[in-house]
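Residue numbers (this note's numbering): 3 to 137.
These notes concern the structure reproduced below.
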């Protein structure tokens with residue numbers, strides 16, 4: 003913004019707020035308290051309009067958050083892969099000893115899908131044993 007377009011007007015603020023302005027305007031590399039206040043107003047207006055909320059978060063914070071999320075995703079993917087390998091091994095061992103026809107297998111799959119949906123993914127071994135024992 004050009005200097006010639008600026009307008010002077012009275013501004014009222016609490017002494018504590020003025021003290022913060024005096025303390026922080028040089029730390030923010032502002033040449034005057036007015037520049038600091040103007041930057042603060044523009045920042046706040048942008049914040050409440052939320053046109054692009056990412057521009058209000060410091061780059062360091064957003065990149066750190068992205069790193070944490072990516073690290074978590076990678077860890078979860080590795081754990082899911084290991085779990086899938088273990089389940090495949092278990093299924094192969096059980097299938098080699100079980101004599102289950104195609105119809106029974108399809109019915110069991112339907113029941114298992116239903117159980118997982120009802121329990122939001124939390125099927126317990128105890129529940130399965132009760133079902134297998136006819137309880």
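In this text, a Cβ means the ideal position worked out from N, Cα and C, and glycines have one as well.
In this text, all values refer to a predicted model and were calculated from it rather than measured experimentally.
- Here residue 15 carries a coil assignment [DSSP, helix/strand/coil].
- Residues of the same chain with a CB within less than 7 Å of the CB of residue 39, apart from the 5 flanking positions on each side, are 23 in chain order.
- By the C-beta density criterion, residue 49 is exposed, having fewer than 16 other C-beta atoms within 10 angstroms.
- The C-beta distance from residue 35 to residue 27 rounds to 5 Å, short enough to meet the 8 Å contact threshold.
- Spatial neighbours of residue 32 in its own chain (CB-CB distance under 8 Å, excluding positions within 5 residues in sequence) are listed in chain order as 38, 41.
- CA-CA distance, residue 76 to residue 119, rounds to 26 Å.
- In the structure shown, residue 88 falls within a helical segment according to DSSP collapsed to helix, strand and coil.
- Boundaries for residue 126: no alpha helix (DSSP H) harbours it, and the DSSP string shows neither H nor E there.
- Annotated three-state conformation of residue 30 is coil, per DSSP.
- The DSSP-derived three-state label of residue 137 is coil.
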